[in-house]
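Only one structure is covered here, and it is reproduced in the block below.
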Amino acid sequence: MNLRKYLKVYKKFLHTSLASEFEYKTNILVDLITAILSLIGSIFLLSIFFQNNGYIGGWKFEQALIIQGIYTILNGITNTWFNPNLTEIVKHIREGTLDFVLLKPIDSQFFISLKKINPSGFLEIMLGFFLLLFCIRINQINLSLSFLILSLITISCSICILYSLWFFISTTTIWFVKTWNAIEVLRSFLYIGRFPLNSFSFSLRVFFSIFIPIAFITTIPSEVFLGLSQLWKILLEVIVASVFLITSRKFWLFALKFYSSASS
Amino acid sequence: MLQNIIDVRNLSKSFDISSKEPGIKGTIKHFFRRQTKSLKVIKDISFEIKEGEIVGFLGANGAGKTTILKMLCGLIYPSEGSILVSGYLPFRRKENFLKNITLIMGQKQQLIWDLPPIESFYLNASIYDLDKFEAKKRIKKLSEMLEIDEELFLPVRKLSLGQRMKSELLAALIHEPNILFLDEPTLGLDINAQRNLREFLQKYNKETNATICLTSHYMKDITSLCKRVICVHEGTISYDGKLDLLLKKLSPVKEVLIVCRSEEDAIKLENSGFNVKNKIKNEITIKIENNSITSSLKTILNNFDIEDLFINEPPIDEVIGKVLIKKNYDI
C-alpha cells in the first residue's frame, strides 16, 4: 500500500467533504446546537439517576461522568466519520454507485469509510475531551505516561470495535439490500454505553460483553481512567478489537464477490 | 496486425432472482417463503475486440448488454467462461488494470453534487496518483476537447444534463485510460449535446487509439461511432460483425422517388420493368436493390426525361429494430 498516495487522497477527501458541508451553513449551525443540547441532556439524565442513590453499580456520579465523556467522544467520531460514510454504503449498493468506487485503483474499504466528514461531530469530540479533563480534575486522577498510553489504546480499540460492528452490518446490504433498521438497533444499543456495565443484571452484562461488545467500548476505557482496570481486561479489549477489525475486512472482501451491481 | 485487447470465451452469467405474486397474499408469501430461481442472463458467448476498435453493443432492454460490460470491467464475477482484458482477469481488479480502464454510465454520476466539477477532477487525479501539474495539464486538454470552461467552476447541481455529462467524461478520462466502457452515455441529452459527445469520442479514439465498448439505444451513436456491432439477444450474440454489412442484409433495397417532366414519362417508366411501389401523377417511387443502384439510375437518367430524384434510406431505427427481436443473423 502506497502510504503517501493514501495520505494525499485523504487530504482531498477532507477538503472536498468540508467544502461540501460548508455549502450549507445553517445545517452546520443546527448540528452544533444539537450536539451541545444533547450533551447537556445526557448529563442531566445521568444526574437524575444518581439523585436518590449516590452509587449505581458501584460507580459515583463523578466517575460515571467519565463514561459519559468517552461516550461523547465516540459519538462525535460516529457523527464525524461513521454516520456520513457507513450509511452511504447502503445507498451505494442500492443505487449501484459502488461501481465507481470498485473501479478506482484504491482500496474500496478505505474509500467508502473515509470519503466524507461531518465537521459538526468535531464539536462533540471536543466537548467529550473537555468533559474528560473536568473529570480528571474532580476525580483527582494522576496524569502519568502509562495512564495516557493505556487510555489512548483502549479508546482506539473502542473506535475499532464500533467501526467494525457498523461496517459489518452495512456490508450485509450486498445481500439484504436494505439494512437501515439494523444500524438503528446498533445506535440504540450504543446509548447503553453511557452507563457503567455493572449497573446491569448479570445476563445483560454477558450479552453486552459477548454478543454486542458495548461493554468494551466505554466501560474499559473508563476503568483505565479511574485506575480500576485490570491488565487482562485491556488485553482482551485489544484482542476483541483486532478480531473485529480483521473479520470486518475479510467479510467485506468476501461480500464483494456477491455484488451484482444495480441494473441500469 | 492489431492485437486483441479483449478476449471473451464461453462466458455465462446467472443471477438468483426472486419473483413475487401480485396482491397481499403474494406479498405475505414472498415475505415468509421467498422463491428464488437462477436466471441465466448471459449464455455461452465468445468474442474478441482489437486495440483501438469502437464496438457497439446492441440489444433490447434486458438483453444483457450492461451485464457484459460490467463483467468486462470487473464489477461482476462471471459464472462460467473466461475474460481477458488487456492481459488481466477483470474481476481481480488489479491496480494496473483499473488504471487502464474507465466506465461511464449515462444514468449514474460520480461527481460531487454540491461542488464544482474541478474538485472531483482533482480528487480523481489524487486517486490515480497524478501530481498537480500533470492533473492541471490533462484537465486543460480534455476541457478544450470537450469545449467546457466556466462550467468547471460551477456547482454540479447547477449544471445542465449535457454539461454534467461532459464533466463526468472528463472525470472518467483524467487518467487517460486505454479502454472505455460506455453504458448509454447520451441518455437524456438533447440533439446538440449528443452530437458533441459523439464528436469528442471520435476525437479521443483517433488521438489516443483507445478501445471503446459502447451500449446505446440512440442509433445515431452507433452509426456514427461504430464500424462493428455485437447484437445481444436474450443473453446470446445474434450478430457480430460490420454494421454496414448488417444494414445491407437487413435493408437490401433502397426506395427512389423520381419526378418526371411529364406524366407520359412517368407511365413509360412504370411500364419499363422496374419494381414500382407507387405512382402519383408525374412522381413515381421505385425499389432498387443496393447492388444495382448505380446501373439502374444510369439507365433511368439516360432513357427518361427526369426533373429530379431522391434516394431514401430506410430509417436506421426501423432496420436495427429488426435485429433486436431476432435470434440469429448469418451474414
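Order-wise, the sequence lines are chains A and B. Residue numbering for the first sequence follows the working numbering, starting at 1 and increasing by one per position. Residue numbering for the second sequence follows the working numbering, starting at 1001 and increasing by one per position. Idealized CB from N, CA, C, for every residue including glycine.
| Asked | Found |
| --- | --- |
| Pair within 8 Å by beta-carbon distance, B:D1114 and A:S120 | no |
| Classification of B:D1149 by the beta-carbon crowding that lies within 10 angstroms, buried from 16 upward | exposed |
| A:Q63 classed as buried or exposed, judged by whether at least 16 other C-beta atoms fall within 10 angstroms | buried |
| 8 Å contact criterion, which B:E1144 and B:N1196 should meet: CB distance rounded | So it is not a contact: roughly 13 Å between Cβ atoms. |
| Under 7 Å from the C-beta of A:S120: neighbouring residues of chain B | What A:S120 touches in chain B: nothing, since even the nearest Cβ is about 16 Å away. |
| CB-CB length for B:G1056 against B:L1225, believed under 8 Å | 7 Å |
| Cβ distance (whole Å) where B:C1260 is taken to contact B:I1222 below 8 Å | Incorrect: roughly 37 Å between the Cβ atoms, too far for contact. |
| Classification of B:R1093 by the beta-carbon crowding that lies within 10 angstroms, buried from 16 upward | buried |
| Unbroken beta strand (DSSP E) run spanning B:Y1239, endpoints | 1236-1242 |
| C-alpha gap between A:L37 and A:D31, whole angstroms | 10 Å |
| Any chain B beta carbon closer than 8 Å to A:I106 | yes |
| Span separating the alpha-carbon of B:K1156 from that of A:F167 | In the sequence on display, residue 1156 of chain B carries Val and not Lys. Cα to Cα, B:V1156 sits roughly 29 Å from A:F167. |
| is_contact[B:S1018, chain A] using C-beta, thresh 8 Å | no |
| Proximity winner among A:C157, A:N198, A:F200, relative to A:D240 (alpha-carbon distances) | Checking the sequence, you will find Val at residue 240 of chain A rather than Asp. A:V240 has its Cα closest to that of A:C157, out of A:C157, A:N198, A:F200. |
| Neighbour flag for B:E1168 against chain A, beta carbons, 8 Å | no |
| Supposed contact pair B:K1220 and B:Q1202 - C-beta distance, whole angstroms, cut 8 Å | That belief does not hold up - the Cβ atoms of B:Q1202 and B:K1220 are roughly 13 Å apart, past 8 Å. |
| Alpha-carbon spacing of B:F1015 relative to A:S261, whole angstroms | 11 Å |
| Within-8 Å CB hit, A:Y124 to chain B | Correcting the residue type first, residue 124 of chain A is Glu in the shown sequence and not Tyr. Not one chain B Cβ lies under 8 Å of A:E124. |
| Per-residue DSSP class, three states only, for A:Y55 | strand |
| Residue-chain proximity (A:A19, chain B), Cβ-Cβ < 8 Å | yes |
| C-beta contact flag for B:E1119 and B:I1127 at 8 Å | no |
| Reduced DSSP secondary structure (H/G/I, E/B, other) of B:R1195 | helix |
| Three or more C-beta pairs below 8 Å linking the region 1076-1095 of chain B and the region 1004-1018 of chain B | yes |
| B:K1281: contacting residues in chain A (beta-carbon distance under 7 Å) | Simply none; closest approach about 51 Å. |
| Chain B within 8 Å of A:K257, Cβ atoms only | yes |
| Closest Cα partner of B:S1216 within the set B:R1198, B:E1184, B:K1013 | B:E1184 |
| Option in A:I155, A:Y163, A:Q51 with minimal Cα separation from A:I234 | A:I155 |
| Extent of the continuous alpha helix (DSSP H) run through B:N1124 | 1117-1127 |
| Reference B:E1021; option with closest CA among B:T1294, B:N1010, B:R1009, B:T1036 | B:T1036 |
| Limits of the unbroken beta strand (DSSP E) element including B:K1277 | 1275-1280 |
| Own chain residues within Cβ distance below 7 Å of A:I174, not counting five before or after | I93, A255, F258, Y259 |
| Between the CA atoms of B:A1266 and B:N1282 - distance to the nearest angstrom | 5 Å |
| Which of helix, strand or coil DSSP assigns to A:C71 | The sequence as given places Tyr at residue 71 of chain A; Cys does not occur at that position. Of the three classes helix, strand and coil, the one that applies to A:Y71 here is helix, per DSSP. |
| Where A:R194 falls, given that 16 or more other Cβ within 10 Å makes a residue buried | buried |
| Contacts that A:L102 makes with chain B (C-beta to C-beta distance below 8 Å) | G1074, L1075, R1093 |
| Straight-line gap, A:L231 to A:N139 (C-alpha atoms, nearest Å) | 21 Å |
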